[in-house]
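*Asks:*
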Amino acid sequence: MSGRTALVTGGSRGIGRAIVRRLAEAGARVVFTYRSDEAAADELAAGYDDVVAVRADQADLASLDPMFAPVRDGLDILVNNAGIGPTAPIAELTGEEFDRVMTVNVKFALLAIREATTVLRDGGRIVNISTLNTVLPAPGLALYCASKAALEQVTAVAARELGPRRITVNTVSPGATDTDLLRASNPAEALTRAATLTALGRLGRPEDIAAVVALLVGPDAGWITGQNIRATGGLLI
Ligand code: NAP
1 MSGRTALVTG GSRGIGRAIV RRLAEAGARV VFTYRSDEAA ADELAAGYDD
51 VVAVRADQAD LASLDPMFAP VRDGLDILVN NAGIGPTAPI AELTGEEFDR
101 VMTVNVKFAL LAIREATTVL RDGGRIVNIS TLNTVLPAPG LALYCASKAA
151 LEQVTAVAAR ELGPRRITVN TVSPGATDTD LLRASNPAEA LTRAATLTAL
201 GRLGRPEDIA AVVALLVGPD AGWITGQNIR ATGGLLI
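In UniProt numbering, the protein residues as written are 1 to 237.
1) I'd like to know if Arg21 contacts chain D, where contact means its C-beta is closer than 8 Å to some C-beta of that chain.
2) Quick one: residues in its chain with C-beta nearer than 8 Å to the C-beta of Leu236, no 5 flanking neighbours on either side, listed in chain order?
3) Between the segment 41-49 and the segment 83-92, are three or more C-beta pairs nearer than 8 Å?
4) Ordered along the chain, which non-local residues of its own chain (more than five positions away) have a Cβ less than 6 Å from that of Thr9?
5) Hey, is Pro70 close to the ligand NAP, as in C-beta under 7 Å from one of its heavy atoms?
6) Is it the case that the Cβ atoms of Leu200 and Ile126 are separated by a distance below 8 Å?
7) Got a sec: does the ligand NAP put a non-hydrogen atom nearer than 7 Å to the Cβ of Ile15?
8) If you draw a straight line from the C-alpha of Gly74 to the C-alpha of Lys148, how long is it?
9) Compute the distance between the beta-carbons of Arg4 and Asp49, then report whether it is under 8 Å.
10) Can you tell me which of Val172, Leu215, Gly234 puts its alpha carbon nearest to the alpha carbon of Asn228?
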């Protein structure tokens with residue numbers, strides 16, 4: 001990854017943090033975003049020579065400008081990782097909540113891809129993080145599943161549009177992965193059940209997902225595009 005520049009959204013915690021570490025340790029220059037956890041972002045950036053943190057709240061589309069400012073001179077990898085997963089039954093949903101989740105999870109990511117097309121070098125890579133829940137839905141996840149399903153479709157179309165420039169665009173869909181988001185939206189018993197149902201017998205770790213992203217953005221994955229890689233340890237087979 002030496003000489004390559006990556007932009008990763010939501011790098012301060014969880015899966016995004018593991019992706020930042022993985023790419024930085026492989027030698028990439030990494031710019032990553034965070035929304036609120038400045039201390040975690042600063043601590044991560046301080047651990048590397050060429051890792052930069054930028055505050056960017058995906059609920060506010062004006063964040064696109066500061067996010068792309070450090071990569072205006074060229075980009076090789078965009079990872080749309082940041083996302084939210086609030087839970088509520090459909091009976092309690094509001095139009096405002098629809099707009100918020102759709103903006104953070106798909107509208108911002110789509111516009112980030114649009115921006116990226118102006119700075120990505122030919123042969124670049126885009127990875128969008130979705131979820132196994134788009135094929136394994138659960139009560140309370142209507143907006144989460146709808147927004148991630150939309151992101152999967154954006155991925156497929158972008159793969160067709162950017163293929164002529166040898167830019168690959170793929171989805172990585174994690175299963176139950178041990179992060180703040182997972183623990184905030186599930187009771188402990190559900191996590192134990194998920195581990196039991198997983199073929200490999202445990203919850204995913206953020207590093208498991210980062211490894212799959214590293215594979216897709218690496219030199220050997222140039223022929224993989226428009227795919228949805230379900231990195232779940234075999235939670236659904
Ligand atoms: P997490 O632990 O909650 O971390 C979320 C990250 O995204 C944080 O860095 C957070 O920044 C950032 N973020 C949240 N809202 C944001 C916003 N409005 N604007 C900009 N950044 C924002 O989540 P995670 O579990 O690592 O999830 C990462 C991705 O994987 C998400 O897209 C999620 O849907 C997907 N996923 C996760 C699982 C799982 O089991 N964990 C399963 C399937 C898919 P701050 O820390 O600064 O707030």
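For glycine and all other residues, C-beta sits at the position ideal for the given N, C-alpha and C.
*Replies:* In terms of the structure at hand:
1) Within the model displayed, chain D is absent; a lone protein chain is all it includes.
2) Within the same chain, Cβ atoms closer than 8 Å to the Cβ of Leu236 are found at Leu132, Val135, Leu136, Gly175, Arg230, the five residues on either side in sequence being excluded.
3) no
4) Contacts found: Thr33, Asn80, Asn81, Ala82.
5) no
6) no
7) yes
8) Their Cα atoms are separated by approximately 28 Å.
9) no
10) Val172
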